[in-house]
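Heads up: the sequence shown begins at 225 in the working numbering, then just goes up one per residue. Glycine residues also receive a C-beta, built at the ideal position from the N, C-alpha and C atoms. All of these numbers come straight from a predicted model, not from anything done at the bench. Notes follow once the structure below has been shown.
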Amino acid sequence: MSTILSIQSIHKTFEAGTINENHVLRGLSLDVEEGDFISIIGGNGAGKSTLMNSLAGTLPVDEGDILLEGKSIKQIPAAKRAKEISRVFQDPKMGTASRLSIEENMAIAYRRGQSRGLSWGVKDSERHIFAESLKELGLGLENRLKVDTQFLSGGQRQALTLLMASLVKPKVLLLDEHTAALDPKTSDMVMGLTQKIVESNQLTTLMITHNMENAIAYGNRLVMLHQGQIVVDVQGEEKKNLTVQELMELFHKNSGQALANDELILS
Ligand SMILES: Nc1ncnc2c1ncn2[C@@H]1O[C@H](COP(=O)(O)OP(=O)(O)OP(=O)(O)O)[C@@H](O)[C@H]1O
Ligand SMILES: [Mg+2]
Numbered sequence: 225m226s227t228i229l230s231i232q233s234i235h236k237t238f239e240a241g242t243i244n245e246n247h248v249l250r251g252l253s254l255d256v257e258e259g260d261f262i263s264i265i266g267g268n269g270a271g272k273s274t275l276m277n278s279l280a281g282t283l284p285v286d287e288g289d290i291l292l293e294g295k296s297i298k299q300i301p302a303a304k305r306a307k308e309i310s311r312v313f314q315d316p317k318m319g320t321a322s323r324l325s326i327e328e329n330m331a332i333a334y335r336r337g338q339s340r341g342l343s344w345g346v347k348d349s350e351r352h353i354f355a356e357s358l359k360e361l362g363l364g365l366e367n368r369l370k371v372d373t374q375f376l377s378g379g380q381r382q383a384l385t386l387l388m389a390s391l392v393k394p395k396v397l398l399l400d401e402h403t404a405a406l407d408p409k410t411s412d413m414v415m416g417l418t419q420k421i422v423e424s425n426q427l428t429t430l431m432i433t434h435n436m437e438n439a440i441a442y443g444n445r446l447v448m449l450h451q452g453q454i455v456v457d458v459q460g461e462e463k464k465n466l467t468v469q470e471l472m473e474l475f476h477k478n479s480g481q482a483l484a485n486d487e488l489i490l491s
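Here is the structure:
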């Protein structure tokens, strides 16, 4: 295995020099191996989304470096990074353009990195590819190619967004609480699809979750963030054998934050 993404002592401070100065990422380092599926947990404000924003390039880091396949991407703008780093957000509305159809959204994702965009419409050959991959979701969306995504449910939209994120294999997939806005049953469905898509495409994935059970059940590695640093990094058998109880204790010990059930309390 080789390191595909190397996060090297990154720092991020918001509102520097003001009374609200907030040093959010504090020398965070992480080497991500090719094929790693890492679940990331941490309390509110620990810096999880800021880390993903830094990787995606929507926020510049102040110090440190981020290497993708050995090359610094620190100066590369977000739009360009998006060709190699896919992202799924918590809000189902963020992942697709609501007034475009399923096939149009998929065409945009499919042509990522090419200059053509949507100008030539959706080709029959593409339509066939889209329908075949939609079948894998098992949601019947392959029969609704011309339907605008605004008419899909939150779960259907997240499933579609995931599929789009992997249509052209990204080097890294970022999931920021992508099931948190869904009801428990739909969340389980989307988590199952996540597992399937990550495995079948062997995607290197970072997944933020507040759900301890999911953090243990999914992925080969688990990382805990606290005050902008990684305080726990377990993998393999050690991760597999973790119980929710142990993880809650570990979380409490390292963050001093309280927990309710298996969810981190929202402060
Ligand atoms: N663009 C921004 N401008 C100013 N402050 C910000 C900005 N983005 C994040 N912050 C602050 O940085 C801190 C970390 O935020 P971040 O969103 O990374 O936390 P998180 O770990 O994702 O938390 P949550 O679990 O609530 O999603 C918070 O105090 C937040 O208010
Ligand atoms: Mg967040």
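- When distances are taken from the beta-carbon of S273 to the heavy atoms of ligand 2, the shortest one is below 7 Å.
- A check of alpha carbon separations from Y334 across L386, G452 and L291 identifies L386 as the nearest.
- Between the alpha carbons of G294 and R336 lies a gap of roughly 22 Å.
- Note: M431 is bridge-paired with S263 and L399 in the DSSP secondary-structure output.
- The closest CA to that of A389, considering only V256, L376 and L358, is found on L358.
- For the options S263, P394, E239 and S273, the alpha carbon positioned closest to that of Q451 is the one of S273.
- Relative to ligand 1, E360 has its C-beta separated by 7 Å or more from all heavy atoms.
- With contacts defined by Cβ atoms closer than 8 Å, I440 and L446 form a contacting pair.
- Per DSSP, G251 lies in no alpha helix (DSSP H); the unbroken beta strand (DSSP E) holding it starts and ends at N246 to E257.
- Rounded to whole angstroms, the gap between the alpha carbons of L324 and T373 is 6 Å.
- In this structure, the straight-line span from the alpha carbon of N438 to that of V456 is close to 16 Å.
- With respect to M436, M472 sits close: the two C-beta atoms are nearer than 8 Å.
- Following the DSSP letters along the chain, one finds F238 in no alpha helix (DSSP H) but inside the beta strand (DSSP E) bounded by residues T227 to F238.
- Relative to ligand 1, the beta carbon of G266 is positioned inside 7 Å of a heavy atom.
- Taking C-beta separations shorter than 8 Å and ignoring five residues to either side along the sequence, the partners of N246 in its chain run T237, F238 and E239, following chain order.
- Put simply, the backbone Cα of D315 is about 9 Å away from that of D400.
- A direct Cα-Cα distance of roughly 8 Å separates I421 from L427.
- Taken from the Cβ of D400, at least one heavy atom of ligand 2 lies inside 7 Å.
- G379 carries a helical assignment under DSSP once its states are collapsed to helix, strand and coil.
- Taking C-alpha positions only, A270 is separated from D348 by approximately 46 Å.
- Using a 10 angstroms sphere on the CB of T433, the tally of other CB atoms reaches 16 or more, which defines it as buried.
- In this structure, DSSP gives G460 a helical state, which the three-state scheme calls helix.
- The DSSP-derived three-state label of G416 is helix.
- Inter-segment contact for the stretch 275-289 and the stretch 298-305 is present: three or more beta-carbon pairs are separated by less than 8 Å.
- Annotated three-state conformation of S296 is strand, per DSSP.
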